[in-house]
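**Student:**
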Amino acid sequence: MNFQNTLEYAIKMDRNDPLNHLRSEYHIPPHEGADSIYFCGNSLGLQPKATESFLKKELDIWKSIGVEGHFKGENPWVNIQKKFKKPLAHIVGAKESEVVAMNNLTTNLHLLLASFYQPSEKRVKILLEQGAFPSDHYVVESHMKMKGVSPEDHMILIKPQQGELFTTEEIIEHIEGIGDELALVFLPGIQYYTGQFFDLKNITRAAHSVGALAGYDLAHAAGNVLLSLHEDQVDFAAWCSYKYMNSGPGGMSGAFIHENHSNDPNFPKLTGWWGHHLDTRFDMDNHFHPSAGADAWILSNTNILSAVAYLASLSVFEKTNMSALRSKSEKLTGFLEFLLIEDELLKANVNIITPSNPDARGCQLSLSLRVNAKAIFDGLIESGVILDWREPNVIRVAPTPMYNTYEEVFRFSEILKKLIVENS
Ligand SMILES: *Cc1c(COP(=O)(O)O)cnc(C)c1O
């Protein structure tokens, strides 16, 4: 792209943006009478305008027909899972039978580890990152302890050979080095701190080549980058829906279980009555007859209010598609990167941690600020730029293609420049 460092250019990009209509689907938090610049969709996505009416509808059903809502009305609650299949399968690149919406992310990671971590005498190790998100670390650690495996000896915590980013080659070398002692590779899709997007296909292939399985925490990847979990032969994955998928604080999680495993009725799993096949679920005979595919992992009846908030958000995703979103995202984040590099002052004061290769990142750029980082961050918040802070000096800036604009990216760079001058 031949970007230009002017407001006029940014405005023109917005005018020509085929997705510019999507912004009006969201409530943009105000700041001093205008829209704030919300670059925090990596932490909590904005509220779709549709959410309120989706919630109101189910509240009305509950109000007017009570328990009958499970089986009556336009969308009987007992069948609500069906509505997730198509949009989720599209977003993560799966077959409909391989995806399910349930629980919260950490809970799903535990359910998946319960299924996918079956250590044998020799094959006990799990490879994860040293800098893994705390839940990922705790999930692995606790499953090892539950199985009587020593985390100290068998959690293999890898860190980048140089700097903060991994190469795919070094990850594959680690996998091959552990070889037939490796049970599982458990990595993020996108690393939450650096914004690096891992090569799921080649990492999964390497895991399989030594007889291990591969699963991913897609909290920062789902709804952000193009995924092809089915084709890449990923064994399992889970994500939260309140980051790039705008389902609301603490919103439901999603999980993927490859049909290689989910089609096997005897695949080990923790079970509950709601994973029992609907045909005989209410016979209550305690003979578990699993639902087809990933639905067999469902434990409980669905949290309907959380589910419809997720469906409201997915209804906006259905107004576009992931390749259109990703195509805008590459340009929007590319424009941010351009402004940070092009301007001498920004270049001297801001170090971009995130990979410069668009294929190795999503929309987020993680920036380490060389001087007075906290004061600059506070100044950004005061100026109506909403983003987040990670110790010791990192701000994560996530322009999302759903609702952010090129003009916001440009204005952000101007505000950042001003704050750097004021704080030098
Ligand atoms: C946000 C995030 C979580 C959050 O887990 P919850 O169970 O939804 O609280 C987990 N893992 C990663 C990598 C995250 O970024």
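The sequence shown begins at 4 in my numbering and counts up by one.
In this text, a Cβ means the ideal position worked out from N, Cα and C, and glycines have one as well.
Opposite E55 in the DSSP bridges: which residues?
**Tutor:** Answer is none; E55 lacks a bridge partner.
**Student:** Return the chain-ordered list of same chain residues with a C-beta closer than 6 Å to the C-beta of V228, the five sequence neighbours on each side being excluded.
**Tutor:** F200 and G365
**Student:** A241 and A215 - do their beta-carbons sit closer together than 9 Å?
**Tutor:** no
**Student:** Does the count of Cβ pairs from the segment 416 to 423 and the segment 346 to 363 closer than 8 Å reach three?
**Tutor:** yes
**Student:** Take the Cβ of H290 as the centre, count every other Cβ of all protein chains shown within 10 Å, and call the residue buried at 16 or more, exposed below.
**Tutor:** Burial is judged here by how many other beta carbons sit within 10 angstroms of a residue's own beta carbon; H290 has fewer than 16 and is exposed.
**Student:** Could you please give the first and the last residue of the uninterrupted beta strand (DSSP E) stretch that includes P90?
**Tutor:** P90 -> not in any beta strand (DSSP E); alpha helix (DSSP H) instead, spanning K85 to V95.
**Student:** Leaving out five residues before and five after N304 in sequence, what residues of the same chain have Cβ atoms less than 6 Å from its Cβ?
**Tutor:** W277
**Student:** Contact criterion: CB-CB distance below 9 Å. Does S294 meet it with respect to chain C?
**Tutor:** You won't find chain C in this structure, because it holds only one protein chain.
**Student:** Pull up the distance between the alpha-carbon of G439 and that of N45, whole angstroms please.
**Tutor:** Nothing about residue 439 can be reported from this structure: the residues present for the chain run from 4 to 427 only.
**Student:** According to DSSP, is I260 helix, strand or coil?
**Tutor:** strand
**Student:** Starting from L372, trace the beta strand (DSSP E) in both directions and tell me its first and last residue.
**Tutor:** That run of the beta strand (DSSP E) goes L368 to L372.
**Student:** Using the rule of at least 16 other Cβ atoms within 10 Å of the residue's Cβ for burial, across every protein chain shown, is E55 buried or exposed?
**Tutor:** exposed
**Student:** Does DSSP put A401 in a helix, in a strand, or in coil?
**Tutor:** strand
**Student:** Cα separation between K162 and F189?
**Tutor:** 14 Å
**Student:** Quick check on DSSP: helix, strand or coil for Y196?
**Tutor:** coil
**Student:** Would you list the one or two residues that DSSP bridges to F38?
**Tutor:** Position check: residue 38 holds Asp in this sequence, whereas Phe was assumed. D38 is bridged to P33.
**Student:** Roughly how many angstroms lie between the CA atoms of D38 and G182, to the nearest whole one?
**Tutor:** Straight-line Cα distance between these residues: approximately 53 Å.
**Student:** Could you name the residues of the same chain whose beta carbon sits closer than 6 Å to that of F413, not counting the 5 residues immediately before and after it, in chain order?
**Tutor:** Excluding residues within five positions, the ones whose Cβ falls inside 6 Å are L10 and A13.
**Student:** Run the CB neighbour count on M325, radius 10 Å, all protein chains shown included, and call it buried at 16 or more, exposed below.
**Tutor:** buried
**Student:** Are the beta-carbon atoms of H211 and A217 separated by less than 9 Å?
**Tutor:** yes
**Student:** Are the Cβ atoms of L22 and A327 separated by less than 9 Å?
**Tutor:** yes
**Student:** May I ask you to list the residues that DSSP assigns as paired with R364?
**Tutor:** Paired residue(s): Q199.
**Student:** Which residue or residues does DSSP assign as beta-bridge partners of D220?
**Tutor:** P191 and A241
**Student:** With DSSP as the reference, label E77 as helix, strand or coil.
**Tutor:** coil
**Student:** What are the boundary residues of the beta strand (DSSP E) that W131 is part of?
**Tutor:** Checking the sequence shown, residue 131 turns out to be Leu, not Trp. Segment K128 to E132, the beta strand (DSSP E) holding L131.
**Student:** Rounded to the nearest angstrom, how far is the Cβ of N106 from that of S316, given a contact under 8 Å?
**Tutor:** Wrong, their Cβ atoms sit about 17 Å apart, outside the cutoff.
**Student:** With respect to 8 Å, is the separation between the Cβ of S145 and the closest non-hydrogen atom of ligand 1 below this value?
**Tutor:** For S145, the shortest separation between its Cβ and any heavy atom of ligand 1 does not lie below 8 Å.
**Student:** Quick check on this structure: which residue in Q164, K148, L62 and P252 has the alpha carbon closest to the alpha carbon of Q50?
**Tutor:** P252
**Student:** Just to check my reading of the structure: K368 and L339 have Cβ atoms closer than 8 Å, yes? What is that Cβ distance to the nearest angstrom?
**Tutor:** At residue 368 the sequence reads Leu, which differs from the Lys that was named. Indeed they touch by this definition, with Cβ atoms about 6 Å apart.
**Student:** Which residues have a Cβ closer than 5 Å to any heavy atom of ligand 1, listed in chain order?
**Tutor:** N107, L108, T109, F136, S138, Y195, D220, A222 and C243
**Student:** Is the beta carbon of I40 less than 9 Å from the beta carbon of E385?
**Tutor:** No, Cβ-Cβ distance for I40 and E385 is not below 9 Å.
**Student:** Mapping the DSSP letters down to three states, classify I389 as helix, strand or coil.
**Tutor:** strand
**Student:** Count the other CB atoms, across all protein chains shown, that sit within 10 Å of the CB of G180; report buried if there are 16 or more and exposed otherwise.
**Tutor:** Answer is exposed; the Cβ neighbour count stays below 16.
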